[in-house]
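In this note's numbering, the protein residues as written are 926 to 1111.
In this text, a Cβ means the ideal position worked out from N, Cα and C, and glycines have one as well.
On a predicted model such as this, the values are computed, not experimentally measured, just so you know.
Below: one structure, written as structure tokens.
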Amino acid sequence: IKLERCGITLMNETPVAELWSTTLSPETKEVIDIVTGYLDFRIHPLTQKSYRDWKEKKKFSTYYLVGDELQKYYEKIEKQPEYKFPKVANYPDHQVLHTFFFNEGALFVYTTNEMSDESKKIVHRFTKVFEQTYTRFLDIQRAEKLAFETARQSSLDRICAEIASMRSSEDLNQITPIIWDELNTL
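Structure representation (structure tokens):
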């Protein structure tokens, strides 16, 4: 697959998505940099279509950029304040955006020509593997958050139990170190 650039988009219910994309050397096609940030998907018909297709739960989408439209597209993404895409020195004549969707976003590939069916199958399989991996990552994040919340609630319950057992001001000498320990645990 002869890439011009590629990346990952993490989408949500707002039209602003998190992007992780490559910039390639025009001569060697080696990755120069990885650009991350947030892109407003209302800025151009290409991004609007991608967002709409994701919302409609499509599996794949293609968009052709030619001539002035391609230049205007790059000029718009270069001006996005939260997505520091580098200025393009020489715009190509045309590019094709191939977008492969998954539940939380998309993998995208820019090429100079339409991808072959075989190449699409390869990227589609890669997208499925990425989706599984990303889903597992989100599951781990949720489990970590739940474990933290459970530990926090347990600490609060222990503190409340000790405070409820207070019968006199002398009990503060016993309760204060327990509260200190529980706060340090958190």
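Starting from residue i, follow the beta strand (DSSP E) in both directions and report where the run begins and ends.
i: residue 1026; result: 1019-1027
i: residue 946; result: 941-949
i: residue 963; result: 956-965
i: residue 998; result: Run containing residue 998: none in the beta strand (DSSP E); it sits in the alpha helix (DSSP H), 992-1003.
Give the secondary structure of residue i by DSSP, where H, G and I count as helix, E and B as strand, and everything else as coil.
i: residue 985; result: strand
i: residue 1073; result: helix
i: residue 1008; result: strand
i: residue 1090; result: coil
i: residue 1101; result: helix
i: residue 1016; result: coil
i: residue 1058; result: helix
Nearest to residue i by alpha carbon, out of the options?
i: residue 1106; options: 965, 1077, 1013 and 1041; result: 1077
i: residue 961; options: 985, 999, 932 and 1051; result: 932
i: residue 997; options: 1066, 1016 and 1089; result: 1016
i: residue 1006; options: 974, 971 and 963; result: 963
i: residue 985; options: 1069, 1028 and 949; result: 1028
Since I believe residue j is in contact with residue i (beta carbons under 8 Å), could you give me their beta-carbon distance rounded to a whole number of angstroms?
i: residue 952; j: residue 1037; result: About 15 Å separates the two Cβ atoms, so there is no contact after all.
State the start and end residues of the unbroken alpha helix (DSSP H) segment that holds residue i.
i: residue 976; result: 970-980
Counting pairs of Cβ atoms below 8 Å between the region 1013-1033 and the region 978-993, do you hit three or more? yes
Segment contact, 8 Å Cβ cut-off, at least three pairs: the region 1040-1056 with the region 1077-1089: no
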